[in-house]
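Residue numbers (UniProt numbering): 1 to 100.
Here a beta-carbon is modelled for each residue, glycine too, at the ideal position from N, C-alpha and C.
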């Protein structure tokens with residue numbers, strides 16, 4: 001499978017309440033292939049940026065950015081699962097507001 005660069009920004013604000021952040025982190029942990037949280041607050045799945053395949057989530061002023069190097073079908077399935085679980089956890093419709 002061809003590996004492609006992926007990036008989406010979601011409508012998850014940088015200034016959420018601390019309780020919402022805790023809920024989101026718990027959601028991150030149950031997504032497939034979670035690797036952990038780095039000191040800068042980035043979360044990783046499958047691997048890290050120096051690996052061939054990885055997903056990384058980090059917050060910006062524009063929203064939550066999820067990026068990575070993944071085959072399109074695996075990326076699409078993982079993102080759909082993220083949206084479903086994050087929507088349930090946060091109590092609002094999580095959706096992509098920008099893609100690169």
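Look at residue 64 here: in three-state DSSP terms it is strand. Here the alpha carbon of residue 55 sits roughly 24 angstroms from the alpha carbon of residue 91. For residue 7, the uninterrupted beta strand (DSSP E) segment begins and ends at 3-10. The DSSP-derived three-state label of residue 42 is coil.
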